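S.K.: Structure incoming, see below.
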Amino acid sequence: MIKFQSLARDVEIGANSYLLTLGKNRILLDAGMHPKKAGENALPDLGEIDYGSIDAAILSHAHLDHSGAMPVVQRSHPDMPVFMSPATCVLTEALLHNSVNVMTYKREQTGNMDYPLFTHREIGQINKKWRTRKPGRSFSLDSSGKTTCEFHESGHVLGAVSSLIRSEGRTILYSGDLHFEDQTIIRGALLPQSGVDVLILESTRGALARASGYTRESEGERLASSIEQCLSQGGSVMIPLFAMGKTQEIIMLLYELQNKGKLRTMPFHVGGLSIKMTGIYDRFASKVRRNHHDMHMMRTKGLLTTPGKRGEMPGLEPGNIYALSSGMMSERTMSNRLGRQFIQNPRNLVAAVGYADPESPLAKIINSSRGEKVQLDERHDAVERNCSVEAFDFSAHAPREDLIGYIEKLKPEMTILVHGDQPAIDWMEQEVHDRVPETEVVIAEPKHEIVIG
Ligand SMILES: [Zn+2]
Ligand SMILES: [Zn+2]
């Protein structure tokens, strides 16, 4: 008997984690940390899982909403191997160490003694159980070899994979986070086109129709022309970016636009965690299937400006492009600290290129009107937002039409919808129901065991 259960505490994108029971084997798919919940509540619901009862775990990619609770799970499963791609291994280690720093700060600020939920020293221990596997090669998930897995590139970010699991005569595909189209660096997903009985599919963009006529290329040109306009009027541009993935993709996109003559040639200011993450992208530049193969961003002359000292803030001057983390301008990050001054200047432009949580400082800027006071950090006074603000779509997730198209092509017996907020899941469920009646569509409700074969 094969069973599937979501360990997330709600139908939402948060602490993504799923349990597959395949006969006697129990396999964990991801163990994420919720970005908005606090302390233990940010972890998946691990309450009913006995010590040492999971045989193996799979980590689809490094983002913390998939990896952030893995150290906690491994604490109660010290012998459990965790399988991931080679790039995910390196990226996850760096992100988890950064997560310890963020949690330590939260403990100081909020007095929440649960933090940090794990330590730097623990990361150095648990990663001894991490096992790297390259896409396209089958490997065993149990000692008897009856349950196997094969990774398939899933686009999205460096190292991201979908997992094709075979057991008990059934084939199950767990998508992880997914993008079918090429981005500037990371190429689109290479997923199986047939032979899948059960599809466990992310639904991130289910509630969002893509603008008609959208292409990544035209969106890039729109960004370049907004930057040009700002710079030619004596302003500076801030692009708040997630340190991993979005930073490298957007800088490379702008580099391409510079080479096409659509954007003036000038370096991008980066700092902090983004430098480390760009270094890791460079390390894998010739080891993975990607565009700009072999190109090392850190070594490309005139591409990046980095601070003289570690952690140093770039100075605020006219005519610069600041490609700083964090992507939502969270408190105590470079984009937030510089942003408090930056947004007061009417010549400047904030270009939002990724997802902004409605409560994030970046969303406050996007939703403000010019001249309105915005508080970017509780410890500091609100400041007037006089700069321009524009939003662009460079999502690393598949648009919903592509997700439905994939289900139509694959025609699995069952499709389990995960990794989506309720409106996204609802749209996907209805659409799959109407357009692919051959597949049984199921929503992964928390605490609910789904029998899949
Ligand atoms: Zn992700
Ligand atoms: Zn995710």
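Count along the sequence shown starting at 1, add 9, and that's the number in the numbering used here.
Every residue, glycine too, gets a C-beta built ideally from N, C-alpha and C.
Since the structure is predicted, the reported quantities are computational estimates derived from the model, not experimental observations.
From which residue to which residue does the alpha helix (DSSP H) around Glu410 run?
M.R.: Its alpha helix (DSSP H) spans residues Arg409 to Leu419.
S.K.: Just checking my contact of Ala78 with Ala17 at CB under 8 Å: how many whole Å lie between their CB atoms?
M.R.: Wrong, their Cβ atoms sit about 11 Å apart, outside the cutoff.
S.K.: Can you tell me which of Leu263, Leu419 and Ala220 puts its alpha carbon nearest to the alpha carbon of Ser235?
M.R.: If we check each option's Cα against that of Ser235, Leu263 comes out closest.
S.K.: Does the Cβ of Val460 have 16 or more other Cβ atoms within 10 Å, making it buried, or fewer, making it exposed?
M.R.: Its Cβ having fewer than 16 others within 10 Å, Val460 is exposed.
S.K.: Got a list of residues with beta-carbon closer than 5 Å to any non-hydrogen atom of ligand 3, in chain order?
M.R.: This structure lacks ligand 3; its bound ligands are ligand 1 and ligand 2.
S.K.: What residue range does the beta strand (DSSP E) around Leu31 cover?
M.R.: Tyr27 to Leu31 is the extent of the beta strand (DSSP E) around Leu31.
S.K.: Considering only C-alpha positions, which residue in the set Tyr27, Leu199 and Ala66 is nearest to Val297?
M.R.: Considering only alpha carbons, the answer is Leu199.
S.K.: Mind reading off the beta-carbon distance from Glu162 to Arg146? Whole number of angstroms is fine, and I expect it under 8 Å.
M.R.: Glu162 to Arg146, Cβ: 12 Å. No contact.
S.K.: Please say whether Ile452 and Glu438 have beta carbons closer to each other than 8 Å?
M.R.: Their beta carbons are under 8 Å apart, which means Glu438 touches Ile452 by this criterion.
S.K.: Can you tell me the Cα-Cα spacing of His389 and Glu381, whole angstroms?
M.R.: Each residue's Cα considered, the two are about 16 Å apart.
S.K.: Alpha carbon to alpha carbon, how far is Lys12 from Phe148?
M.R.: So the two alpha carbons sit approximately 21 Å from each other.
S.K.: Could you compute how far the alpha carbon of Asn329 sits from the alpha carbon of Glu340?
M.R.: Spanning the two alpha carbons is a distance of roughly 22 Å.
S.K.: Between the alpha carbons of Val81 and Glu131, how many angstroms are there, rounded?
M.R.: Cα-Cα distance, rounded: 9 Å.
S.K.: Would a C-beta distance cut-off of 8 Å place Met286 and Ala103 closer than the cut-off?
M.R.: Against a cut-off of 8 Å, the Cβ pair of Ala103 and Met286 comes out as a contact.
S.K.: The alpha helix (DSSP H) that contains Glu230, what's its start and end?
M.R.: Arg225 to Ser241 is the span of the alpha helix (DSSP H), which, as asked, contains Glu230.
S.K.: First and last residue of the alpha helix (DSSP H) that includes Gln14?
M.R.: Looking at the DSSP string, Gln14 is not in any alpha helix (DSSP H); the run it does join, the beta strand (DSSP E), is Ile11 to Ser15.
S.K.: Taking the alpha-carbon positions, what's the Ile289 to Pro367 distance?
M.R.: Rounded to whole angstroms, Ile289 to Pro367 spans 30 Å at the Cα level.
S.K.: Using only alpha-carbon positions, find the residue among Leu282, Leu313 and Gly462 that is nearest to Val111.
M.R.: The option with the nearest alpha carbon to Val111 is Leu282.
S.K.: Any heavy atom of ligand 2 inside 7 Å of the beta-carbon of Asp366?
M.R.: No, the Cβ of Asp366 stays beyond 7 Å of every heavy atom of ligand 2.
S.K.: Using a Cβ-Cβ distance cut-off of 8 Å, determine whether Ala47 contacts chain D.
M.R.: The chain labelled as chain D is not found in the depicted structure, where only one protein chain is given.
S.K.: Assuming Met261 contacts His301 under a Cβ cut-off of 8 Å, what Cβ separation, rounded to an integer in Å, is found between them?
M.R.: So it is a contact: roughly 6 Å between Cβ atoms.
S.K.: Which residues bound the alpha helix (DSSP H) around Cys158?
M.R.: Run containing Cys158: none in the alpha helix (DSSP H); it sits in the beta strand (DSSP E), Thr157 to Glu162.
S.K.: In angstroms, rounded to a whole number, what distance separates the CA positions of Pro408 and Pro44?
M.R.: The straight-line gap from Cα to Cα measures roughly 22 Å.
S.K.: If I measure Cβ to Cβ from Val279 and keep anything under 8 Å in the same chain, skipping five residues before and after, which residues do I get?
M.R.: Hits under 8 Å: Thr256, Ile260, Thr287, Leu313, Thr314, Thr315, Ala332 and Leu333.
S.K.: Please confirm whether any heavy atom of ligand 2 lies closer than 7 Å to the CB of His129.
M.R.: Because no heavy atom of ligand 2 lies under 7 Å away, the Cβ of His129 does not count as near it: no.
S.K.: Could you tell me if Met10 is buried or exposed, where buried requires 16 or more neighbouring beta carbons within 10 angstroms of its beta carbon?
M.R.: The residue in question, Met10, is exposed, as its Cβ has fewer than 16 Cβ neighbours within 10 Å.
S.K.: Sort His75, Thr309 and Gly270 by Cα distance to Pro276 and report the nearest one.
M.R.: Selected option, being the one with the closest Cα: Thr309.
S.K.: Considering only residues of the same chain and omitting the five flanking positions on each side of Ile174, which have a CB-CB separation below 6 Å?
M.R.: Excluding sequence neighbours, Ile174 sits near Cys158 and Ile181.
S.K.: Any heavy atom of ligand 2 closer than 7 Å to the beta-carbon of Asp430?
M.R.: Not under cutoff, so the answer is no.
S.K.: If contact is defined by three or more beta carbon pairs under 8 Å, each pair taking one atom from either stretch, is the segment 92 to 101 in contact with the segment 117 to 124?
M.R.: No contact exists between the segment 117 to 124 and the segment 92 to 101.
S.K.: Taking only three categories from DSSP, how would you classify Ser339?
M.R.: Coil at Ser339, not helix or strand.
S.K.: Would you kindly report the start and end of the unbroken beta strand (DSSP E) that includes Ala360?
M.R.: From DSSP, the beta strand (DSSP E) with Ala360 extends over Leu358 to Ala361.
S.K.: Using a Cβ-Cβ cut-off of 7 Å (strictly less than) and excluding sequence neighbours within five positions of Gly229, which residues of its own chain qualify?
M.R.: Cβ within range, chain order: Leu262 and Leu266.
S.K.: For Phe92 versus Ile63, is the C-beta spacing smaller than 8 Å?
M.R.: Result no, Cβ atoms of Phe92 and Ile63 do not sit closer than 8 Å.
S.K.: Counting beta carbon pairs with one atom in the segment 317 to 325 and one in the segment 363 to 378, are three or more of them shorter than 8 Å?
M.R.: With a cut-off of 8 Å, the segment 317 to 325 and the segment 363 to 378 do not count as touching, because too few Cβ pairs lie within range.
S.K.: Kindly indicate which three-state DSSP category Leu167 falls into: helix, strand or coil?
M.R.: In the structure shown, Leu167 sits in coil (DSSP, three-state: anything other than H, G, I, E or B).
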